[in-house]
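Asks: This is the structure I want to talk about, given as structure tokens.
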Amino acid sequence: MCTLEKRGNIYLLTITGPGEHRLEPILIDAIRSALDRIKSETTTSSSALITTAEGKFFSNGLDLAWMQLIPSNLQLMSRKFRSLISDLISLPMPTIAAITGHASAAGLILALSHDYILMRKDRGFLYMSELDVRLKIPPWSMALIESKVGNPKVQREIVLRAARLTAKEGEKWGIIDAAHDSAEGTVKAAIGLGEQLVKRKWDGHVYAQNRMVVLRKVWDGLESKETYRITSTGSKL
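The numbers in the UniProt record's numbering rise by one with no breaks, and the one at position 25 of the sequence shown is 25.
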């Protein structure tokens, strides 16, 4: 499901396998377990987290087929995904998403929950597919998009046109920080950025507290019990 490797003061979390990396309880629990391990190992030394994935997908979003099996699955998935995002926002170190494939819907929200986003140029789209799959976006997800994408016209393109954006477009519109030539180049650049941030020797707990202030609307929204809503049984999965 995922692996965690430590390179000096850099943690490299990789979602493994060739599939779509749909977010479902087992994968979410595996990622949260890796984050718990990081928190348990973090000492006074400065660290940074890089999250990446193998294959064509960073993540193709929530596992909608699983969510529709029984009504309680919607509530369970919503709760687990909110907990994962809370873990990332409260993690006591800088975080970097190295997108090496498609990042769709909740997969894009997962990436946006990091402090920095790097992406490969030659493959992958940034795509909020909720309109196309008839899924209502929770307010906390919209608050996260607003906090990371300042231009209202770009927000409209992402949410109300379900635009599929390349790395070049994402960089132009300020959604990602940099685009790189390959998957390997993207991860290498993320490690380089992480090493630069680690050299600042910030107090991780203060860093997390300040991030939570910056993302206060998101943090407060994560405490709500609002679930995802699929508005039609004919949703395209």
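Each residue gets a CB set at the ideal place from its N, CA and C atoms; glycine is no exception.
What first and last residue would you give for the alpha helix (DSSP H) that runs through Arg79?
Replies: It spans Pro71 to Ile89 - the alpha helix (DSSP H) in which Arg79 sits, taken as one unbroken run.
Asks: Using DSSP bridges, identify the partner residues of Glu5.
Replies: Answer is Leu12, bridged to Glu5.
Asks: Over what stretch of residues does the beta strand (DSSP E) that includes Arg120 continue unbroken?
Replies: Residues Tyr116 to Arg120.
Asks: What residues match up with Lys136 in a beta bridge as DSSP calls it?
Replies: Answer is Arg229, bridged to Lys136.
Asks: Label Lys6 either buried or exposed according to how many other C-beta atoms from any shown protein chain fall within 10 Å of its C-beta, with 16 as the threshold for buried.
Replies: With fewer than 16 Cβ atoms within 10 Å of its Cβ, Lys6 is classed as exposed.
Asks: In chain order, what residues of the same chain have a beta carbon less than 7 Å from the beta carbon of Met128, not counting five sequence neighbours either side?
Replies: Around Met128: Ala105, Leu108, Ile158, Val159 and Ala162.
Asks: With three or more beta-carbon pairs closer than 8 Å as the criterion, would you say the region 68-85 touches the region 184-200?
Replies: The region 68-85 vs the region 184-200: no contact.
Asks: Going by other Cβ atoms of all chains shown within 10 Å of its Cβ, with 16 needed for buried, is Pro18 buried or exposed?
Replies: With fewer than 16 other Cβ atoms within 10 Å, it is exposed.
Asks: Between Leu69, Trp140, Ile26 and His205, which has its C-alpha nearest Leu222's C-alpha?
Replies: Cα-wise, what sits closest to Leu222 is Trp140.
Asks: Counting C-beta neighbours from all protein chains within 10 Å, is the total for Ala65 16 or more, i.e. buried, or is it exposed?
Replies: Label assigned to Ala65: exposed.
Asks: Could you please give the first and the last residue of the uninterrupted beta strand (DSSP E) stretch that includes Leu49?
Replies: Its beta strand (DSSP E) spans residues Ala48 to Ala53.
Asks: With H, G and I counted as helix, E and B as strand and the rest as coil, what does DSSP make of Leu193?
Replies: The answer is helix: DSSP assigns Leu193 an H, G or I state.
Asks: Does the beta-carbon distance from Ala178 to Glu184 come in below 8 Å?
Replies: Contact: no.
Asks: Have a look at Leu46 and Glu20 and give me their C-alpha separation to the nearest angstrom.
Replies: Reading the sequence as shown, one finds Ser at residue 46 and not Leu. Each residue's Cα considered, the two are about 33 Å apart.
Asks: For the beta strand (DSSP E) that contains His102, what are its first and last residues?
Replies: Element bounds for His102: His102 to Ser104.
Asks: If distances are taken between C-alpha atoms only, which option among Trp173, Lys168, Ile15 and His205 comes closest to Lys121?
Replies: Cα-wise, what sits closest to Lys121 is Lys168.
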